[in-house]
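Participant:
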Amino acid sequence: MNRFSYKPSKPIVFVVGFAASLALAMWSWGSIHREGAEILFPSLSKNNLKAYTLFACSIYIICSLLILLWYAIFPKEFKIDDKGIYMPRGLLSRALVHIKYTDIQGVDIKAVAGLEVVHIKTRVGNFKIPQMWFASDQDFQLVSQSISFRKYMG
């Protein structure tokens with residue numbers, strides 16, 4: 069039996085690296101082009117490198133908090149196998165709820181704000197799988213067709 073499991077990729081390395089490089093770039097740009105930095109940030113004085121460093125660190129901290137917020141809000145994984153679907157229950161929940169195929173009442177693909185979402189109506193509640201959770205469009209179509217096929221054929 070075909071099994072499908074997807075865990076959203078972790079962009080921590082990319083985002084932290086980007087935040088660190090942005091902070092370093094701002095600090096070095098401010099150190100080299102002080103006149104330009106004073107135009108953008110008038111409160112910073114020519115000899116106040118501490119202010120530049122604090123500004124760069126604040127950018128880094130804000131980006132780090134955004135990463136933590138991302139992982140707090142979005143579910144961590146879902147799985148589809150021959151027994152059913154395993155979906156996160158609630159925004160902040162890390163626990164997976166098992167939904168049997170016999171409990172599925174309907175499957176729809178709808179566009180929400182330009183993003184395709186698989187809507188699964190079940191006896192235990194409604195679930196949505198955003199397209200961005202999938203590695204590719206083929207996986208997205210495969211999963212939606214797999215759910216529909218198993219619901220109505222088996």
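Residue numbers (my numbering): 69 to 222. We put the beta carbon where it would ideally sit given N, CA and C, even for glycine. Predicted, not measured: the structure shown is a model, and the values here were computed from it.
Between the alpha carbons of Thr190 and Asp149, how many angstroms are there, rounded?
Facilitator: Translated into positions along the sequence shown, residue 190 becomes position 122. Translated into positions along the sequence shown, residue 149 becomes position 81. Using only the alpha carbons, I get a separation of about 17 Å.
Participant: Using the C-alpha atoms, what's the distance from Ser89 back to Leu134?
Facilitator: Residue 134 sits at position 66 when you count from the first residue of the sequence shown. Residue 89 sits at position 21 when you count from the first residue of the sequence shown. Rounded to the nearest angstrom, the two C-alpha atoms are 16 Å apart.
Participant: Would you kindly report the start and end of the unbroken beta strand (DSSP E) that includes Lys196?
Facilitator: As a working note, residue 196 is residue 128 in the sequence shown. From DSSP, the beta strand (DSSP E) with Lys196 extends over Asn194 to Pro198.
Participant: Look at the alpha carbon of Val186 and the alpha carbon of Gly174, and state the distance between them as a whole number of angstroms.
Facilitator: Translated into positions along the sequence shown, residue 186 becomes position 118. Translated into positions along the sequence shown, residue 174 becomes position 106. Approximately 10 Å between the Cα atoms of the pair.
Participant: Closest by CA to Ser126, which one among Gly152, Leu92, Leu137 and Ile153?
Facilitator: Along the sequence shown, read from residue 1 onward, the residue named residue 126 stands at position 58. Selected option, being the one with the closest Cα: Leu92.
Participant: Go ahead and label Ile167 buried or exposed: buried means 16 or more other beta carbons lie within 10 angstroms of its beta carbon, across all protein chains shown.
Facilitator: If you number the sequence shown from 1, residue 167 lands on position 99. By the 10 Å Cβ count, Ile167 comes out buried.
Participant: To the nearest angstrom, report how far apart Ile129 and Pro198 are at their CA atoms.
Facilitator: Position 61 of the sequence shown, counted from the first residue, corresponds to residue 129. Position 130 of the sequence shown, counted from the first residue, corresponds to residue 198. If I take the Cα positions, the gap works out to 28 Å.
Participant: Please confirm whether Ile177 and Ile153 have their CB atoms less than 8 Å apart.
Facilitator: If you number the sequence shown from 1, residue 177 lands on position 109. If you number the sequence shown from 1, residue 153 lands on position 85. No, the Cβ-Cβ distance between Ile177 and Ile153 is not below 8 Å.
Participant: Give me, in chain order, the residues of the same chain whose beta-carbon lies closer than 6 Å to that of Lys196; leave out the 5 immediate sequence neighbours on both sides.
Facilitator: By one-based count along the sequence shown, residue 196 stands at place 128. Cβ neighbours of Lys196 beyond the five flanking positions: Val185 and His187.
Participant: What's the C-alpha gap between Ala87 and Ile172?
Facilitator: To locate residue 87, count along the sequence shown from 1; it is residue 19. To locate residue 172, count along the sequence shown from 1; it is residue 104. Cα to Cα, Ala87 sits roughly 43 Å from Ile172.
Participant: For Asp176, does the three-state DSSP call read helix, strand or coil?
Facilitator: Start at 1 with the first residue of the sequence shown, and residue 176 comes out as number 108. Three-state DSSP puts Asp176 in a strand.
Participant: To the nearest angstrom, how far is it from the Cα of Leu136 to the Cα of Gly193?
Facilitator: Stepping through the sequence shown from its first residue, residue 136 is reached at position 68. Stepping through the sequence shown from its first residue, residue 193 is reached at position 125. One C-alpha to the other measures close to 27 Å.
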